[in-house]
Amino acid sequence: MRRPILSYVELFYDKNVISWSKRLLSLSGLWPDNRNDVRFFLYITYIVIFTWLEIVTLVQNIHDLEKTLKNITLSFPTILIVLKAVMFRMNMHLVLPLLTVVKRDVNEGLYRSAEERRTVVWYNVAATLFSTSSALSLFFVPTLFYAKPIIGCLLSKYNNCTLPFELPMKVNNVYEITKLQTYALFCVYLIPTSTLLTIGATGADSLLVTLTFHLCSQLSIVAYRMRNVNIEPKIYFPKMKALVERHTELLRLANILANTFSSLMFVQTLGLIFSLCIVVYQLLMTSESGEDMNTIHFIIYSCAVILLAFCYCFLGECLINENTYNLHIDSFNKTINRYYFQSSEVQMACYFTNWYDLPEQQIGGSSSDKYSGDSDN
Numbered sequence: 027m028r029r030p031i032l033s034y035v036e037l038f039y040d041k042n043v044i045s046w047s048k049r050l051l052s053l054s055g056l057w058p059d060n061r062n063d064v065r066f067f068l069y070i071t072y073i074v075i076f077t078w079l080e081i082v083t084l085v086q087n088i089h090d091l092e093k094t095l096k097n098i099t100l101s102f103p104t105i106l107i108v109l110k111a112v113m114f115r116m117n118m119h120l121v122l123p124l125l126t127v128v129k130r131d132v133n134e135g136l137y138r139s140a141e142e143r144r145t146v147v148w149y150n151v152a153a154t155l156f157s158t159s160s161a162l163s164l165f166f167v168p169t170l171f172y173a174k175p176i177i178g179c180l181l182s183k184y185n186n187c188t189l190p191f192e193l194p195m196k197v198n199n200v201y202e203i204t205k206l207q208t209y210a211l212f213c214v215y216l217i218p219t220s221t222l223l224t225i226g227a228t229g230a231d232s233l234l235v236t237l238t239f240h241l242c243s244q245l246s247i248v249a250y251r252m253r254n255v256n257i258e259p260k261i262y263f264p265k266m267k268a269l270v271e272r273h274t275e276l277l278r279l280a281n282i283l284a285n286t287f288s289s290l291m292f293v294q295t296l297g298l299i300f301s302l303c304i305v306v307y308q309l310l311m312t313s314e315s316g317e318d319m320n321t322i323h324f325i326i327y328s329c330a331v332i333l334l335a336f337c338y339c340f341l342g343e344c345l346i347n348e349n350t351y352n353l354h355i356d357s358f359n360k361t362i363n364r365y366y367f368q369s370s371e372v373q374m375a376c377y378f379t380n381w382y383d384l385p386e387q388q389i390g391g392s393s394s395d396k397y398s399g400d401s402d403n
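Number 30 in the numbering used here belongs to position 4 of the sequence shown; there are no gaps in the numbering.
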């Protein structure tokens, strides 16, 4: 018997909203609620050493264009990962108010009706799919780097395993590896590379997407509740007051989110553009040379980069569709510079409430209160 599509969607629903982001960032000690300096030091030390080896290899092969481009394909993203980790480490305390509100929302309930539940589930599943798909795709790319020479050696029954041995990752060793034992030790050292690079590439982005989608869902719910508020005066005014306070809180949290991630997204966007240019150029070169294995590898890598770029565009599109705030986007850098809060959907929801069904005295009283409040300001 076929299961309905909705039941499969529910598999990706995260009741705690931030579970996937917490898993990714906790591994590197960068979860804002539970900062672990020792874990972060070990993580960043490993990545910096790996990046340094890549840069040494890049300098040594600078005269060979093909080798240089192959090295840039991996070295440039790792440099960005180091920058993103340090930048997020400096700003992650700013996210604490957001995480507190998310936990409170989860405890109090994210929705009250079937319509609200559909909104919450849609945004929640979208955030989960981003976290899982980006992590899996970016994990697969360095894993291919790692496995390629080993698999080639095994398939050739060690006929192609000539000295000095080729390391799984394209990094320079301090000296030529002429012993199998030393080669095995370097391979063991490089085993965590795929996991650690994936954490650095997707951890902060996953948190950004998750928190943004959560704000989108809650702003949509505020608009929905305003459109359906009870016109009974004893209910209408307390409800509207609570909704306005909730709306103000969400806008304040969105401003915090923008201040926390704006510089990080600037670096990430430039990195995506540059990486995509390098990968497409290499893809064209390898397709002409007939290297099928390299062609497949660069296709997968370019798909992973395009997936990330699409996710960022999709994130912005959701914000625009919700009309919660406009994004001022620099035409050259394509980065988030500032959030301009317009809350058009909430304004329209207020406009379409049946406020004219309220008693005339109540409408006049609320208007005079509004004007007196404006004069005080």
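Ideal Cβ positions, reconstructed from N, Cα and C, are used throughout, including at glycine.
On a predicted model such as this, the values are computed, not experimentally measured, just so you know.
- Nearest in C-alpha terms to valine 132, of all of Arg115, Thr71, Asp40, Val74, is Asp40.
- Taking a 10 Å sphere around the C-beta of proline 168, we find 16 or more other C-beta atoms and assign the residue as buried.
- Judged by DSSP in its simplified three-state form, asparagine 133 adopts helix.
- Distance check between leucine 290 and each of Met113, Phe38, Asn87 places Met113 closest, using alpha-carbon atoms only.
- Less than 7 Å divides the Cβ of serine 54 from the Cβ of isoleucine 225.
- Between serine 160 and threonine 228, the CB-CB gap stays under 7 Å.
- Classified as exposed, aspartate 90 has fewer than 16 neighbouring CB atoms from the shown chains inside 10 Å of its CB.
- Excluding five sequence positions before and after asparagine 117, the CB atoms of its chain that fall closer than 7 Å to its own CB belong to Thr286, given in chain order.
- Spanning the alpha carbons of tyrosine 215 and serine 139 requires a straight line of approximately 52 Å.
- Secondary structure note for glutamate 80: its alpha helix (DSSP H) is the uninterrupted segment 63-86.
- Sequence-distant partners of phenylalanine 324 (beyond 5 residues in either direction) whose C-beta falls short of 7 Å from its own C-beta, in its chain, are Val305, Gln308, Leu309, Thr312.
- C-alpha of phenylalanine 66 to C-alpha of threonine 104: approximately 16 Å in a straight line.
- In the three-state DSSP reduction, phenylalanine 38 falls in the coil class, being neither helix nor strand.
- The beta-carbon distance between serine 47 and serine 232, rounded to whole angstroms, is 5 Å. This is short enough to meet the 8 Å contact definition.
- Straight-line spacing of the CA atoms in alanine 280 and asparagine 150 works out to 17 Å.
- Taking the CA atoms as reference points, leucine 37 sits about 14 Å from phenylalanine 156.
- In this structure, the alpha-carbon of leucine 277 lies about 11 Å from that of glutamine 244.
- Residue environment analysis places alanine 268 among the exposed positions, since fewer than 16 neighbouring C-beta atoms fall within 10 angstroms of its C-beta.
- Residues of the same chain with a CB within less than 7 Å of the CB of leucine 120, apart from the 5 flanking positions on each side, are Ile282, Asn285, Thr286 in chain order.
- In chain order, Glu80, Thr83, Leu84, Asn87, Lys196 place their CB closer than 8 Å to the CB of asparagine 97, counting only its own chain and leaving out the 5 sequence neighbours on each side.
- DSSP places asparagine 254 outside both helix and strand once states are collapsed to three, so it counts as coil.
- Serine 45: member of the alpha helix (DSSP H) spanning 45-53, first to last residue.
- With respect to valine 108, isoleucine 75 sits apart: the two C-beta atoms are not nearer than 7 Å.
- Looking only at Leu333, Leu298, Cys242, the smallest Cα-Cα distance to glutamate 142 is reached by Cys242.
- By a beta-carbon distance limit of 8 Å, valine 146 does not contact leucine 162. Their separation comes to about 24 Å.
- Taking 8 Å as the upper bound for CB-CB distance, glycine 297 and phenylalanine 102 are in contact here, some 7 Å apart.
- In the DSSP assignment, leucine 206 falls within the alpha helix (DSSP H) that extends over 206-216.
- Distance check between cysteine 213 and each of Cys337, Asp63, Phe336, Lys174 places Lys174 closest, using alpha-carbon atoms only.
- At least 7 Å separates the beta-carbon of valine 235 from that of leucine 164.
- Judged by DSSP secondary structure, proline 58 falls outside any alpha helix (DSSP H); it is assigned neither H nor E.
- Of the residues assessed, threonine 71 falls on the exposed side of the cut-off, its CB having fewer than 16 other CB atoms within 10 angstroms.
- Non-local C-beta neighbours of leucine 122 in its own chain, meaning closer than 8 Å and more than five positions away in sequence, comprise Pro58, Asp59, ordered along the chain.
- For valine 331, same chain residues with a beta-carbon under 8 Å away, outside a window of 5 residues either side, are Leu298, Ser301, Leu302, Val305 in chain order.
- Taking 7 Å as the cut-off, the beta carbon of arginine 272 is found closer than this to the beta carbon of valine 248.
- Membership of serine 101 in the alpha helix (DSSP H) is indicated by the continuous run 91-117.
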